[in-house]
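Below: one structure, written as structure tokens.
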Amino acid sequence: MRPANEALIVVDVQNDFCPKGALAVIDGDAIIEPINALLSDFSAGILTQDWHPAGHTSFASSYDEKSAYDIIDMPYGPQILWPDHCIQGTDGASFHDGLKTENADLVIRKGFRPKIDSYSAFFENDKTTATGLEGYLHSRGINTVTIVGLATDFCIAYSAIDAARLGFRVTVDMTACRGIDINGSLEAALLQMRAAGVKLKYG
Ligand code: VGL
Ligand code: ZN
Numbered sequence: 001m002r003p004a005n006e007a008l009i010v011v012d013v014q015n016d017f018c019p020k021g022a023l024a025v026i027d028g029d030a031i032i033e034p035i036n037a038l039l040s041d042f043s044a045g046i047l048t049q050d051w052h053p054a055g056h057t058s059f060a061s062s063y064d065e066k067s068a069y070d071i072i073d074m075p076y077g078p079q080i081l082w083p084d085h086c087i088q089g090t091d092g093a094s095f096h097d098g099l100k101t102e103n104a105d106l107v108i109r110k111g112f113r114p115k116i117d118s119y120s121a122f123f124e125n126d127k128t129t130a131t132g133l134e135g136y137l138h139s140r141g142i143n144t145v146t147i148v149g150l151a152t153d154f155c156i157a158y159s160a161i162d163a164a165r166l167g168f169r170v171t172v173d174m175t176a177c178r179g180i181d182i183n184g185s186l187e188a189a190l191l192q193m194r195a196a197g198v199k200l201k202y203g
């Protein structure tokens, strides 16, 4: 068992990010068994759940003449437009059946504000609206986190960089992550994580 100052953060292991989902990540379900093993090993397990209202401003379908993966300017900066995914209450937003959710202590939902996307487990994409996870971890005396899940180049990278910026010791276990990789986003995310002091664990 890992010590009480360490938490596992499991990012967005939801049907829509797994094969056949609306925003499927290649091999997204291959990480479920390794994540279950990690959940048993950590004394604190936190799940995040992407949780968008229908018509969310991050969905390409919310605009005339926009396609998925186009980029638009939002008040908080550039935003990639996504296929509709993880709509509140749908099967696509549910955790994958294989994930042992009963071994997690907390579920953090994010992306529920209609006009702002939220990749990070800590802050929405404006980088100031907090999810509350920082306070939760601090009040449990946790200063070290391991991050796994989907997708490496978006929600994992944003979460890891925010965690490092907040002063947590951060490892991303690459064996239990998979990426989307659009236009070099995966390589860029790995560089940014390393630059932020995030440890990338490959074995
Ligand atoms: C994610 C794009 C949109 C993710 C969530 O979990 O990485 N990516 N919403
Ligand atoms: Zn989303």
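The numbering of the sequence shown is full-length UniProt numbering, which starts it at 1 and goes up by one. Don't be surprised by glycine CBs; every beta carbon is placed ideally from N, CA and C.
What residue range is occupied by the uninterrupted alpha helix (DSSP H) comprising Gln-88?
Here Gln-88 belongs to no alpha helix (DSSP H), and DSSP marks it neither H nor E.
If contacts are defined as beta-carbon pairs under 8 Å, then Thr-146 and Thr-171 qualify, I think. What distance do you get, rounded to the angstrom?
Contact flag correct, Cβ pair sits at about 5 Å.
In the DSSP assignment, what residue or residues form a beta bridge with Lys-110?
DSSP, once it has assigned bridges, lists Asp-50 as partnering Lys-110.
Who sits around ligand 2, taking every residue whose Cβ is closer than 7 Å to one of its heavy atoms?
Result (chain order): Asp-50, His-52, Ser-58, Trp-82, His-85, Cys-86, Gly-111 and Asp-117.
Does DSSP classify Cys-155 as helix, strand or coil?
In the structure shown, Cys-155 sits in a helix (DSSP, three-state: H, G or I).
Sorry if obvious, but does the Cβ on Leu-23 come closer than 7 Å to a heavy atom of ligand 1?
Checking the Cβ of Leu-23 against ligand 1 gives yes.
Following the continuous alpha helix (DSSP H) through Leu-191, name the residue where it begins and the one where it ends.
It spans 185-195 - the alpha helix (DSSP H) in which Leu-191 sits, taken as one unbroken run.
Report yes if the C-beta distance between Ile-31 and Cys-177 is below 8 Å; otherwise report no.
Yes.
Does the segment 29-48 touch the segment 62-69, meaning 3 or more C-beta pairs lie closer than 8 Å?
The segment 62-69 vs the segment 29-48: no contact.
Under 8 Å between the Cβ atoms of Gly-111 and Asp-162?
No, Cβ-Cβ distance for Gly-111 and Asp-162 is not below 8 Å.
Nearest by alpha-carbon distance to Leu-81: which of Ser-58, Gly-89, Ser-62 and Ser-159 is it?
Among Ser-58, Gly-89, Ser-62 and Ser-159, the Cα nearest to that of Leu-81 is on Ser-58.
Note down, in chain order, each residue of its chain lying with its Cβ closer than 6 Å to the Cβ of Lys-199, except the 5 sequence neighbours on either side.
Hits under 6 Å: Thr-171.
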